[in-house]
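Quick notes on the structure that follows.
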Amino acid sequence: MKNLSSLSKLQYLNIISIIVFMVALVIEVITIGFDWIRVLNLVNFAIAWAISVNIRKVQATIHNVAETMKELEHGHMESRITNIDEHGELRALCWNTNNMIDQLEVYMRDTYAVIEALSQDRYYRTVQDMGLKGTFKRSAEYINQNVYKMRASHEALKLSELDSKLAEISRSTGGLDVIQKDLVTTIQNLSNISSISQNTAAHSSETVHEIGEVSQNLSALSELVVDSNGAINALSSRANDINSVVNLIKDIADQTNLLALNAAIEAARAGEHGRGFAVVADEVRKLAEKTQSATGEISIAIQTLQQETNSIQAGSESINEIALRSSALIQKFDETIHVFNNDALQTASVVRDIESTAFVILAKIDHMLFKNGTYNAIFTRHVHGNHVDHHNCRLGKWYEGNEGQSHFGQYSSYKGLLKPHKDVHDIVGEIRDVIADMSRLGDNRELIIEKFSRMEKSSDELFKQLDTMLNEAANTTH
25 MKNLSSLSKL
35 QYLNIISIIV
45 FMVALVIEVI
55 TIGFDWIRVL
65 NLVNFAIAWA
75 ISVNIRKVQA
85 TIHNVAETMK
95 ELEHGHMESR
105 ITNIDEHGEL
115 RALCWNTNNM
125 IDQLEVYMRD
135 TYAVIEALSQ
145 DRYYRTVQDM
155 GLKGTFKRSA
165 EYINQNVYKM
175 RASHEALKLS
185 ELDSKLAEIS
195 RSTGGLDVIQ
205 KDLVTTIQNL
215 SNISSISQNT
225 AAHSSETVHE
235 IGEVSQNLSA
245 LSELVVDSNG
255 AINALSSRAN
265 DINSVVNLIK
275 DIADQTNLLA
285 LNAAIEAARA
295 GEHGRGFAVV
305 ADEVRKLAEK
315 TQSATGEISI
325 AIQTLQQETN
335 SIQAGSESIN
345 EIALRSSALI
355 QKFDETIHVF
365 NNDALQTASV
375 VRDIESTAFV
385 ILAKIDHMLF
395 KNGTYNAIFT
405 RHVHGNHVDH
415 HNCRLGKWYE
425 GNEGQSHFGQ
435 YSSYKGLLKP
445 HKDVHDIVGE
455 IRDVIADMSR
465 LGDNRELIIE
475 KFSRMEKSSD
485 ELFKQLDTML
495 NEAANTTH
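With the working numbering, letter number 97 in the sequence shown gets 121, and the count goes up by one each step, no holes.
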């Protein structure tokens, strides 16, 4: 009996009272008989029975509440009081119990979810305080306030770690903007010097070609003078030969004239018989005189020809000497011009190499500043300017233009610039998209670090290809 509840004790006492009442009623009816007082006793019995039934209903309701609270005691918050057909205080007790369990379940489940999310560094989960009342609501609000503070601290920590990691990935770019401006001016000056050197080399090459033609013409002239001198010597020799023949003819004419004279004398001695012979002798004499006269004129002409030939030969020898001296001077000048031309070509090549090297340095600085702008966007929490793709930066325009193609288009490293250069610009574009929402920097920390690492890897590959391109050009040129 001590372990029974008050309702159970009341129920048992009520049952005992009904049993006693029934026994007494039966005894009275048997001994005394049935009268109207017994009717009142029956009404009293019915009331007692109704009380017993209602006590059992109250007991059942309280039992349901007790079982529900027992489940709650064991941590099972799914149980609820169902089939509530009571009214008044018992109905209120049941519904208030259910409402209390509802609030407790929401509070506990949300609190558990918040704690679990915090353990996984997820700070967006908060306790839903809608529908909570009193201490539950105040406690939920207090938990949420601390979650907000933890979120802010965690974001600050993640951003600090992100800044630190990016600082390790990035390189120092202090003063590069000044160097960039100086290099632009230097490249412009080098371009002017390169243009002048190339023009000088072109002009010197033309001069070398022209001097070569002059030297060839002088050599040809010298050969012609030598040939002419030989012809003049041959002509002089032939004139001497002709003069000898003329002298021989002159001697023959003298002898013929003498013979004709002797024949005329003999014909005169012969008288009438030698008249015909005298005519022949006279004709022979005349022919001999004409021959003497002709040979005299020929001799004079030959002497004149010999004098003029000697004069021409002397002039030809002078011309030959002048041509030989001029040819020697031209050859020496040609050697000097060749040295000058080689120096001019080498100077133009060196200046072009320096210009290309300076441009590569400028391109590297451009991309270092380009990357630094992305780092600064993280550090300052603000994205500046518009994104520039790999077609419209200085290196891209140089690569796709005639200058880069004409100087380095034949090298494999030049073609190898395209992919890493494009990757750098594309990854920077991806980073700008990721950091557009600065409030998500902490959540996107790993993604941002991964993209910056890829950007630096592509940048290193780009710089390596630029250096290889310069080395290939230098090895080919020199």
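We treat Cβ as the ideally placed atom computed from N, Cα and C, and that holds for glycine.
Asked	Found
Cβ-Cβ distance between Glu496 and Tyr423 below 8 Å	no
Separation of Glu307 from Glu345, as counted between CA atoms	56 Å
Limits of the alpha helix (DSSP H) - the one that Val448 falls within	442 to 458
Cβ-based neighbour list, Thr197, same chain, cut-off 7 Å, excluding 5 preceding and 5 following	In this prediction, Thr197 scores a pLDDT of 49, lower than 50, which makes its location untrustworthy; no coordinate-derived value is stated.
Validate contact between the stretch 397 to 409 and the stretch 376 to 384 using beta carbons, cut 8 Å, 3 pairs	no
Coil, strand or helix - Arg405 by DSSP	coil
Presumed contact (8 Å Cβ cut-off) between Glu454 and Lys475, rounded CB distance	6 Å
Local conformation of Thr85 per DSSP, three classes	helix
For His362, the three-state DSSP class (helix, strand or coil)	helix
Contact check, Val522 vs Thr333, beta carbons under 8 Å	Any answer about residue 522 is impossible in this case: the structure gives the chain only from 25 up to 502.
Assumed close pair Ile336, Ile256 - CB separation to whole angstroms, cut-off 8 Å	5 Å
Check whether Ser243 and Ser340 have beta carbons under 8 Å apart	no
Alpha carbon of Asn416 to alpha carbon of Asn426, nearest angstrom	15 Å
Residue closest to Ala70, alpha-carbon to alpha-carbon, out of Ile43, His449, Glu359, Ser317	Ile43
Own chain, CB closer than 7 Å to Ser483, minus 5 neighbours either side, in chain order	His391, Lys395, Val448
With 16 other Cβ atoms within 10 Å as the buried cut-off, status of Met154	exposed
Spatial distance of Ala141 from Thr92 (CA atoms)	30 Å
Pick from Ile276, Ser437, Ala292 that is closest to Leu311, judged by C-alpha positions	Ile276
For Asn410, the first and last residue of its enclosing alpha helix (DSSP H)	Segment: none, Asn410 is in no alpha helix (DSSP H) and carries neither H nor E.
Secondary structure of Gly428, DSSP reduced to three states	helix
DSSP-derived helix/strand/coil call for Tyr423	helix
Burial state of Asn216, where buried means 16 or more other Cβ atoms lie within 10 Å	exposed
Gly440 vs Gln489 beta-carbon contact at 8 Å	yes
Contacting residues, own chain, Cβ-Cβ under 7 Å from Ala460 (five flanking each side not counted)	Val407
Minimum C-alpha distance to Leu386 - residue among Asp251, Gly420, Lys443, Leu272	Gly420
Where Thr315 sits in the DSSP three-state scheme	helix
Heavy atom of the ligand SAH within 7 Å of Cys118 beta-carbon	In the structure shown, the ligand SAH is absent, as is every other ligand, since no ligand is present at all.
Contact check, Lys446 vs His414, beta carbons under 8 Å	yes
Rounded separation between Ser437 and Ile354 - CA only	45 Å
Per-residue burial, Arg349 [other beta carbons within 10 Å of its own, 16 or more giving buried]	exposed
Cα-Cα separation between Asn88 and Ala74, rounded to whole angstroms	21 Å
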